[in-house]
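Working notes, structure below.
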Amino acid sequence: MVLGSIQKTLYEVLSVSEDATYGEIRAAYKSAALNTHPDKGHTTLESSVPSSELQEFLSMQRAWEILRHPASRADYDKQLQSSRQNIEIIASEIEIGDMIVESTADTVELLYPCRCGDYFSITSCELGDMGILVSGDGEVEQQASDSSSASVVLGCGSCSLKVQLIINETL
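Position 38, counted from 1, in the sequence shown is what full-length UniProt numbering calls 38; the numbers after and before it change by one each time, with no gaps.
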C-alpha cells in the first residue's frame, strides 16, 4: 500500500479522526455506505453509476476493510507515519549571499530567518565536511572540483520547514 501526499488518508475517506475508536469508524462507514452504495439508486454497477461515485464507494469500502481490523490498522498507521516523515517539503531556495554571517575566531555560522522566528543554519565546519570552504565574510572560497554548484537541505531549528541552500563558487 503506497501512500501519497496528495491522496486522502483512509481516515479522511471515512471522515473520522486518526484517533477514532472502532465504534466511530464503524458508524462513519455505515453512514457512508448507506449514502454511496451503488444499489441506493437501484442500478447495477455496470449501468448508470458514474465512475466517480463508484470510486468513492470503493475507496470507502477499502478504508473500512483496513481500519476495522486492529492489526491492519496498526500497519496502516505505521506506513502513514513513515510517509509523513519521509516527505521533504522545501519552502524555498536560498543562496549563501541571502544568509546572515556570524563569525567567531574558529568558525563561521550562516543563518537564514524562518517565518516561525527561528533560523535555518549551517556552519563552516559542516560545509567543510562537504568540501566547501567559506571565508569569514561568508564567501565561498573553494569547493570540491566535481561541480561548480552544490546544494544542501537545511531544516529550521524550531519548525518542520526546510529550505534548499544553493552553493555557487564565487571564484
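Here a beta-carbon is modelled for each residue, glycine too, at the ideal position from N, C-alpha and C.
For residue i, collect the residues of the same chain with a Cβ closer than 7 angstroms to its Cβ; drop the 5 residues on either side in sequence, then sort them by chain order.
i                : result
phenylalanine 57 : Thr36, His37, Pro38
glycine 136      : Ser103, Val108
glycine 4        : In this prediction, glycine 4 scores a pLDDT of 40, lower than 50, which makes its location untrustworthy; the coordinate-derived value is nonetheless stated afterwards. Cβ neighbours of glycine 4 beyond the five flanking positions: none.
glutamate 24     : Val16
glutamate 18     : Tyr11
glutamate 53     : Thr36
alanine 91       : Leu161, Lys162, Val163
For residue i, report the span of its beta strand (DSSP E) as first-last.
i             : result
glutamate 18  : Segment: none, glutamate 18 is in no beta strand (DSSP E) and carries neither H nor E.
isoleucine 96 : Premise fails: isoleucine 96 is in no beta strand (DSSP E) and is neither H nor E.
proline 113   : 108–113
leucine 165   : 162–168
Once the 5 residues before and after residue i are set aside, which same chain residues still bring their CB inside 6 angstroms of it?
i             : result
aspartate 118 : Cys156, Gly157, Ser158
valine 152    : Leu165
glutamate 93  : Gln164, Ile166
serine 72     : Ile66
glycine 62    : The question names glycine, but residue 62 is arginine in the sequence shown. Cβ within range, chain order: n/a, list empty.
Specify, as a first and last residue, the run of the alpha helix (DSSP H) that residue i falls within.
i             : result
serine 124    : 124–129
glutamate 139 : It is not in any alpha helix (DSSP H) - glutamate 139 carries neither H nor E in the DSSP assignment.
leucine 10    : 10–13
I'd like the list of long-range same chain contacts for residue i, defined as Cβ closer than 8 angstroms, with 5 residues on each side in sequence excluded.
i          : result
glycine 97 : Gly138
serine 121 : Glu109, Leu110, Leu111, Tyr112, Leu154, Gly157
Let's test the definition: count the other Cβ atoms within 10 Å of the Cβ of residue i and tell me whether it reaches 16, buried, or not, exposed.
i              : result
tyrosine 22    : exposed
serine 31      : exposed
serine 124     : buried
alanine 28     : buried
methionine 60  : buried
isoleucine 132 : buried
methionine 99  : buried
cysteine 116   : exposed
leucine 171    : With a pLDDT of 43 at leucine 171, under the threshold of 50, the modelled position of that residue is not reliable, and the figure given next carries that caveat. Classification for leucine 171: exposed.
leucine 110    : buried
leucine 34     : exposed
Three or more beta-carbon pairs under 8 angstroms between the region 6–18 and the region 66–83, yes or no?
-> yes
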